[in-house]
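Written out below as structure tokens is the structure these notes cover.
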Amino acid sequence: KTPIAILISGRGSNMRALIEACERPDYPARIALVLSNRPDAAGLEIARAAGLQTIAIDHKLFGKDREAHEHKVDAAIRASGAKIVCLAGYMRVLTPFLVNMWEGRMLNIHPSLLPAFPGLHTHEAAIAAGVKEHGCTVHLVTPGVDEGPILGRAKITVQSDDTPDRLASRVLEQEHRLYPAVLANFINAQ
Ligand code: GAR
4 KTPIAILISG RGSNMRALIE ACERPDYPAR IALVLSNRPD AAGLEIARAA GLQTIAIDHK
64 LFGKDREAHE HKVDAAIRAS GAKIVCLAGY MRVLTPFLVN MWEGRMLNIH PSLLPAFPGL
124 HTHEAAIAAG VKEHGCTVHL VTPGVDEGPI LGRAKITVQS DDTPDRLASR VLEQEHRLYP
184 AVLANFINAQ
């Protein structure tokens, strides 16, 4: 099994979906590390309860020096032996340092059908734009935010009475299916 690191900032539901996938004997990945930039991330508790190695590297301790924080993050990932990094609700914009270090080996999940609606507040943006289809995307991370090569997308249909919260919950269900599936394909294609 290929060792992976999962980077989170909060709830960790996508991480949980990856944990569950990795528990299957035939799944091609195992989790070497769960890392959070927020020591109070709820996802860290889930990971610990699953018996996984976790670490919190608080970005606030590094002030404005994003690269100094990322050097610590990179060192922790390397020390774990992980060969692939999965961003799962990791809410920090990365500097070119970490992106270049893991180029072609770092995946992200984003809650829209990229290239539509990069950035934050994607469900509000989808409703404001009046789109009929919405969803989520797993892509490789490159220096441009939410711009890397797309590895997979999952779609939902937007209903006329949808709210951002309702869209978020239907998209999240799709995220939980998409991420483990795309990661397995990605590893199997290496
Ligand atoms: C997910 O919807 C994920 O796609 C999104 O944050 C949420 C994290 O939820 N990621 C981004 O917006 C990245 N810019 P989770 O912590 O329950 O997985």
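Just so we're on the same page, UniProt numbering is the position in the sequence shown counted from 1, plus 3.
For each residue, glycine too, the CB sits at the ideal point set by N, CA and C.
Between the stretch 67-76 and the stretch 47-54 there are fewer than three C-beta pairs closer than 8 Å, too few to call the two in contact. The continuous beta strand (DSSP E) containing proline 6 extends over residues 5-11.
Taken through DSSP and simplified to helix, strand or coil, serine 16 comes out as helix. Rounded to whole angstroms, the separation of the alpha carbons of valine 88 and arginine 19 is 15 Å. The nearest non-hydrogen atom of the ligand GAR is 8 Å or more from the C-beta of aspartate 168. Minimum Cα-Cα distance from alanine 8 among the listed residues Val102, Pro31, Met109, His62 corresponds to Met109. Burial check for leucine 21: the Cβ neighbour count within 10 Å reaches 16 or more, so the residue is buried.
Valine 148 and proline 121 do touch by the CB rule: their CB atoms are close to 6 Å apart, below 8 Å. As computed with DSSP, lysine 158 is found in a beta bridge with Gly138.
Check the Cα spacing between glutamate 127 and each of Ser83, Val161, Asp29: the tightest is with Val161. Taken atom to atom, the span from the alpha-carbon of glycine 13 to that of tyrosine 30 is near 25 Å. Beta-carbon to beta-carbon, isoleucine 112 and proline 167 are separated by about 18 Å, too far to satisfy the 8 Å threshold. Note on geometry: alpha-carbon atoms of glutamate 48 and lysine 135 lie some 37 Å from one another. Secondary structure at alanine 35: strand, using DSSP grouped into helix, strand and coil. In this structure, the beta-carbon distance from tyrosine 93 to leucine 36 does not fall below 9 Å. In this structure, DSSP gives methionine 109 an extended state, which the three-state scheme calls strand. Within the DSSP secondary-structure output, threonine 57 pairs in a beta bridge with Val37.
Collapsing the DSSP output to three states places valine 148 in coil.
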